[in-house]
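Numbering (UniProt numbering), first residue to last: 1 to 128. Note that CB positions come from ideal geometry on N, CA and C, so glycine has one too. One structure below.
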Amino acid sequence: MNDNADILLIEDSQSQALCFRLMLERAGYSVEIAPDGADGWRRACSITPRMILLDIDLPSLDGFQVLGRLKRDRRTANIPVVMLTHRDHIASVQRALDLGANDYLFKDDAPYELCATVAQALEVGGRR
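Here is the structure:
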């Protein structure tokens, strides 16, 4: 476990997680990967990353459950969270923003927008 990770990536698809990690590490970020919601929640509390990339569709705890826990816990409430989703889950985007996500990223756009979205979330911690 990397106790100094810039980004905690909570993603159950190993291939997508490795692809995102490679892109982010090339941009100079350190990345910790959690393969499911429960593990992601535990790691968020133990390493307190600078930001979290959170998939919506996860085993054990889904992204909404993890997001709710993150925003209710004083240790993690101020960590910027960017939700990862597919275009066919557009209704999920509004739900995530209502629950406190700072931004969202469609997985299909990740190769083009991932690093810019991460930089913006880290810089301002603001919403889209």
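Through-space distance from residue j to residue i, alpha-carbon basis
i, j, result
"G68", "P80", "13 Å"
"R128", "E25", "Low confidence applies here, because R128 scores a pLDDT of 44, under 50, leaving its location unreliable and the question unanswered by this model."
"E11", "A5", "16 Å"
"N78", "L114", "21 Å"
"A121", "R87", "21 Å"
"Q94", "L53", "16 Å"
"L18", "L9", "10 Å"
Range of the contiguous alpha helix (DSSP H) that encloses residue i
i, result
"I47", "37-47"
"L54", "First-last for L54: 51-55, but that is the beta strand (DSSP E), not the alpha helix (DSSP H)."
"A77", "Premise fails: A77 is in no alpha helix (DSSP H) and is neither H nor E."
"A34", "It is not in any alpha helix (DSSP H) - A34 instead sits in the beta strand (DSSP E) that spans 31-34."
"R21", "14-26"
Delimiting residues of the beta strand (DSSP E) encompassing residue i
i, result
"L8", "7-10"
is_contact[residue i, chain D] using C-beta, thresh 9 Å
i, result
"C19", "Absent from the structure: chain D. Only one protein chain is present."
Cβ neighbour criterion (16 or more within 10 Å) applied to residue i
i, result
"D108", "exposed"
"G40", "buried"
"Y112", "exposed"
"D103", "buried"
"A101", "buried"
Closest by C-alpha distance to residue i, when choosing among the options
i, options, result
"R75", "L61, E123, R43", "R43"
"D62", "R87, P35, S46, R50", "P35"
"S60", "L99, P49, R21, A38", "A38"
"F106", "V66, S30, I56", "I56"
"G28", "H89, A17, I7", "I7"
"E32", "F64, L58, P49", "P49"
"A96", "K71, A119, A110", "K71"
"V118", "H89, M51, F64", "M51"
"T85", "I47, D98, L58", "L58"
"D73", "F64, I90, C45, H89", "C45"
"V66", "H89, I47, L99", "L99"
Alpha helix (DSSP H) segments (min. 4 residues) lying fully within the region 98-125:
Segments of the alpha helix (DSSP H) lying fully in the region 98-125: 110-124.
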